[in-house]
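Engineer: FYI, in UniProt numbering the residues of the sequence shown are 1 to 445.
We put the CB at the ideal spot given by N, CA and C, even for glycine.
Below are the structure tokens for one structure; questions will follow.
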Amino acid sequence: MNPTRFRSAWEIGRTVPGPRPLPPLRPRRPAEPPATADVVLDNGLRVLAARLATAPTVELRLYVPFAGPDPTHLAGADLLATALFSGTARRDRDRMETELGSIGGTLAAEADQIRLLVAGHGPASGLPLLLDHVADVLTGATYPEPTFTRDRDRCAQQRQAEGSQPQLRARAARRRHCYGDHPLGWPIPQPAHVLAIDVEWVRQLHRRAVVPRGSILVVVGDLHPDAAVEAAAGTLADWRSERVAAELAPAPAIGGAEPALVHQAGAVLSQIRLCAPAVSYPDRRYPALQLANQILGGYFSSRLVANLRERQGFTYSVRSAFEHTPGGAAILIDTDTANEVVEPALAEIGTELAGLGTRPPSAAEVAAARQYTIGNQQLAAATQAGLASSLLTLAAAGLDAGWPAAHAARLEGVTVDDVGAAAMEFLAPGRCAGVVIGDATAWRN
């Protein structure tokens, strides 16, 4: 074995100017899958526990499918999540916060068109208390009237603030354009819609929709998986219902169309928000399409960044990313430009979309995208919070904890031709739709 040789001060002082080649990356080590337990309880709740003892803490995620029939349901779901921890028959909000604070734990809820999500964090020794608080609100939330009124006002104020944020408005406009009347296309709830909901409506929604059958609980951390499942089974035994949690129906296929132009007087920038149809995790074409997306705009070495940011100077940031939805997926392309260059920016995006088919990715591009994708997947599972969120995403898609390792092997087998074929099938310019939001008076056409 040769000893490592370091350069001397004399050699360092006489280095030839200019770039030097980077040392090769070390061989990538396969990620070790965590020890897990995956059980469906008698009440229909799926519990997935995984051991990752990087710190003496635990992460908790509860996923309840929460689809509804109309936009009023979305406003009510938002309000239910805001007020979920306002009080139960056993604890008021102050007692909840005091007990969780005594162990350094947190619990919070949020809701959208797809699901109600409860997320928590705390010391490993505090898992029984976290589970007890979750069980308490699931089976005994009372939504006490004075507190509920304050929560409703706060929720309405948050929705009003969101309605003034350009990024959120642009996201909602794209969804309306791409998904139409499907729940994914519903607008952000307006403050008036939230304020019109009374406490009894929310209580009835809780009884009807917050049910275990079809829901998923994920617990990750410094724990023994079988013991964690047993603890969850005992604590949540009283959470029962004959109903099944409401899954969102698959969204309609995204059809290609010219971007819809939305005039926003006085806007300094134009927001380009495009979408293209895609496939999700279980589809055999997903690995190749995932690499095609990385090459297009999925990371800083992508073609969109090299063109729109580096060569043209049209934008500071441009990216493409998957949006996974129940039963499907889309690839989203986002960038903001000056109003004066929105047309050439759109033209260059079209050029890059077409170029993935007419100018197929090189072997070096595919290798770099593969290295980044697999490495990023491993990084996402390196922390307790990241692993909990990853396992929940996979479980909601009907996949198990072994999927990431199998997916990494599939990525290794993707060829240059596979990536080019996926790009031609899904990312041709004619398959995209979306919106452009900006001051139309500054647009040339």
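Measure how close the beta-carbons of residue 460 and residue 293 come, nearest whole angstrom, since I'm counting them as under 8 Å.
Structural biologist: Missing from the structure shown is residue 460; the chain here goes from 1 to 445 and no further.
Engineer: State the Cα-Cα distance for the pair residue 212 and residue 115, rounded to the nearest angstrom.
Structural biologist: 13 Å
Engineer: Among residues of its own chain, excluding the 5 on either side of residue 240, which ones have a beta-carbon nearer than 6 Å to its beta-carbon?
Structural biologist: 43
Engineer: By how many angstroms is the C-alpha of residue 224 removed from the C-alpha of residue 135?
Structural biologist: 20 Å
Engineer: Check residue 348 in the structure and name its three-state DSSP category.
Structural biologist: helix
Engineer: Considering only C-alpha positions, which residue in the set 201, 210, 45, 195 is nearest to residue 67?
Structural biologist: Its Cα nearest to that of residue 67, the residue 210 stands out among 201, 210, 45, 195.
Engineer: Can you look up residue 47 in the DSSP assignment and give me helix, strand or coil?
Structural biologist: strand
Engineer: Quick one: what does DSSP say residue 393 is sitting in, helix, strand or coil?
Structural biologist: helix
Engineer: What are the start and end residues of the beta strand (DSSP E) that includes residue 263?
Structural biologist: 260–263
Engineer: Might you give, ordered along the chain, the residues of its own chain that have their beta carbon closer than 7 Å to the beta carbon of residue 278, omitting 5 neighbours on each side?
Structural biologist: 289, 322, 329, 330, 331, 426
Engineer: If you measure between the beta carbons of residue 467 and residue 189, is that distance less than 8 Å?
Structural biologist: The structure shown does not extend to residue 467, since the chain is modelled only from 1 through 445, so no value can be given for it.
Engineer: Pull up the distance between the alpha-carbon of residue 423 and that of residue 360, whole angstroms please.
Structural biologist: 9 Å
Engineer: In whole angstroms, what is the alpha-carbon distance linking residue 232 and residue 36?
Structural biologist: 14 Å
Engineer: Candidates 126, 344, 280: which alpha carbon is nearest residue 444's?
Structural biologist: 344
Engineer: Mind pulling the alpha helix (DSSP H) runs of 4 or more residues that sit fully within the stretch 156–241?
Structural biologist: 166–179, 191–195, 199–209, 225–235
Engineer: Mind checking which residues open and close the alpha helix (DSSP H) that includes residue 102?
Structural biologist: 93–103
Engineer: Buried or exposed, going by whether 16 or more other CB atoms sit within 10 Å of the CB of residue 271?
Structural biologist: Buried, since its Cβ has 16 or more Cβ neighbours within 10 Å.
Engineer: Residue 303 and residue 355 look like a contact to me (Cβ under 8 Å); what is the Cβ gap, rounded to whole Å?
Structural biologist: 7 Å
Engineer: Could you tell me if residue 70 is buried or exposed, where buried requires 16 or more neighbouring beta carbons within 10 angstroms of its beta carbon?
Structural biologist: The residue in question, residue 70, is exposed, as its Cβ has fewer than 16 Cβ neighbours within 10 Å.
Engineer: List the endpoints of the continuous alpha helix (DSSP H) containing residue 122.
Structural biologist: Residue 122 -> not in any alpha helix (DSSP H); beta strand (DSSP E) instead, spanning 115–123.
Engineer: Using only the alpha-carbon positions, how far apart do residue 96 and residue 238 sit?
Structural biologist: Taking the straight line from one Cα to the other gives about 20 Å.
Engineer: Quick check on residue 320 - is its C-beta less than 8 Å from some C-beta in chain C?
Structural biologist: Absence of chain C from the displayed structure is noted, only one protein chain being present.
Engineer: How do the stretch 216–223 and the stretch 44–52 stand: do at least 3 beta-carbon pairs fall below 8 Å, yes or no?
Structural biologist: yes
Engineer: Mind checking which residues open and close the alpha helix (DSSP H) that includes residue 286?
Structural biologist: From DSSP, the alpha helix (DSSP H) with residue 286 extends over 286–293.
Engineer: Would you give the residue range spanned by the alpha helix (DSSP H) that residue 322 belongs to?
Structural biologist: No alpha helix (DSSP H) holds residue 322; the beta strand (DSSP E) holding it covers 318–325.
Engineer: Could you spell out where the beta strand (DSSP E) holding residue 63 opens and where it closes?
Structural biologist: 57–65
Engineer: Is it right to say residue 165 is buried, meaning 16 or more other beta carbons lie within 10 angstroms of its own, or is it exposed?
Structural biologist: exposed
Engineer: Any chance the stretch 258–273 sits against the stretch 146–162, with 3 or more Cβ pairs inside 8 Å?
Structural biologist: no
Engineer: In the DSSP assignment, the alpha helix (DSSP H) including residue 410 goes from what residue to what residue?
Structural biologist: Residue 410 -> alpha helix (DSSP H) spans 403–412.
Engineer: If you compare alpha carbons, which of 324, 318, 325, 246 is closest to residue 337?
Structural biologist: It is 318 whose Cα lies nearest to the Cα of residue 337.
Engineer: Here's a check: name, in chain order, each residue in its chain whose Cβ is nearer than 8 Å to the Cβ of residue 448, leaving out the five neighbours to either side.
Structural biologist: As displayed, the chain neither begins before 1 nor continues past 445, which places residue 448 out of reach and without an answer.
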